[in-house]
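Residue numbers (my numbering), protein chains in the order written: chain E, 382 to 547; chain V, -2 to 106.
Built from N, CA and C at the ideal position, the CB exists for glycine as well.
Structure record follows, encoded as structure tokens.
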Amino acid sequence: MGGGIPYGGSSMTHQFPWVPCRINRGHPFWVSAVQRKRARVAARNLYVHGHISDAGPVDDVIENWDRFVQASQRALAGDVVRPLTEADLAVLRPAQVPVFCEWLLCLAVEPEFQDDRLADYQEQFADLWVPKFGPRFAAVMYVWHVLRQSRLIDWLIRAFGWGGSL
Amino acid sequence: MGRKGLGEFETSVLLAIVSLQGRGYGVTIADEIERRTGKPVSFGAVYATLDRLQKKGLISSELGEPTPERGGKPKRFYRIEAPGERALREAQTAVERMWAGVSPTGAVA
């Protein structure tokens, strides 16, 4: 305890041996993932804080992505030197969690905790795992973390020390 | 609390909850632990630990307001309870007692 949590590599490296032991956060792949995450968070904050005032009521915008995009383009016109391309929009659009993953999470979590946890996992999936690993491996990560939080696997990992300090 | 004290990761999660002052939910708690320790943490492990701590009665949780950016789903904010504070104090005391008069180089005062 006094020395903090002992570092045994990334927690992921204990779980997936094929993931490189130490993820270099200065690597261009990681940097671009973080930049994309920040871009999406910034766009979301722009929207949430009401700067896109002509986009209409919040619920309408959530249900109608195209209106949000148009409003974003207008709002960002001062900062963006070119119109948003499809690639830009793909980055801004939150990645969708595969239905199977959400179904698995609902099986693993008690009903009263499902709503908030689905949203937490969606946030982690769209903001971190997809930019970092791509959609396919992000789904694998999703499934792994759902399984990891189950009582049996948690107990096994702690009992056998497979997760290092985790 | 049970007969066993806090585990190392449980202590980290509790400290993150305390530092976020009742505004910590799963994602921010994981981020806070990563930020403070500088090491990646497993998202699933954070939830497993939160569930365990809540079952032990060390923390409690309440749902926040649903927000549109989360698709109308609320956040679950975690807060430390009196037994949790007691457990943290005990853990701190135990560590301080172990370190008393000892330096990392092995010299004993």
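query                                                                                                                            : result
For E/H526 and V/F107, believed in contact at Cβ under 8 Å, the rounded distance                                                 : Since the first residue shown for chain V is -2 and the last is 106, residue 107 of chain V is missing from the structure and cannot be characterised.
Beta carbon of V/R76 nearer than 8 Å to that of V/I30                                                                            : no
Where the segment 2 to 24 of chain V meets chain E: residues whose CB sits under 7 Å from a CB there                             : E5, F6, T8, S9, Y22, G23, V24
Sequence-distant residues of its chain with Cβ nearer than 7 Å to V/Y44 (five each side left out)                                : G23
Buried versus exposed call for V/R83 [16 or more other C-beta atoms within 10 Å across all chains shown]                         : exposed
Classification of E/V521 by the beta-carbon crowding that lies within 10 angstroms, buried from 16 upward                        : exposed
Interface residues of chain V facing E/E504 [CB-CB closer than 8 Å]                                                              : V24, R67
Residues sharing a beta bridge with E/I538, DSSP                                                                                 : In DSSP, E/I538 forms no bridge with anything.
Other residues of its chain near V/S16: CB distance less than 7 Å, five sequence neighbours each side excluded                   : E29
Runs of beta strand (DSSP E) lying entirely within the segment 32 to 79 of chain V, each at least 3 residues, in chain order     : 56 to 60, 73 to 77
Backbone secondary structure at V/G21 - three-state DSSP                                                                         : strand
V/L85 vs V/T8 beta-carbon contact at 8 Å                                                                                         : yes
First through last residue of the alpha helix (DSSP H) which encompasses E/E504                                                  : 492 to 505
CB contact below 8 Å: E/L499 versus chain B                                                                                      : Of the chains in the structure shown, none is chain B; the protein chains are E and V.
Contacts around V/T34, its chain only, beta-carbon distance under 8 Å, and the 5 residues preceding and following it disregarded : S9
Chain-ordered chain E contacts of V/L60 [CB-CB under 7 Å]                                                                        : D497
Neighbour list for V/K72 in chain E, Cβ cutoff strictly below 8 Å                                                                : D497, A500, D501
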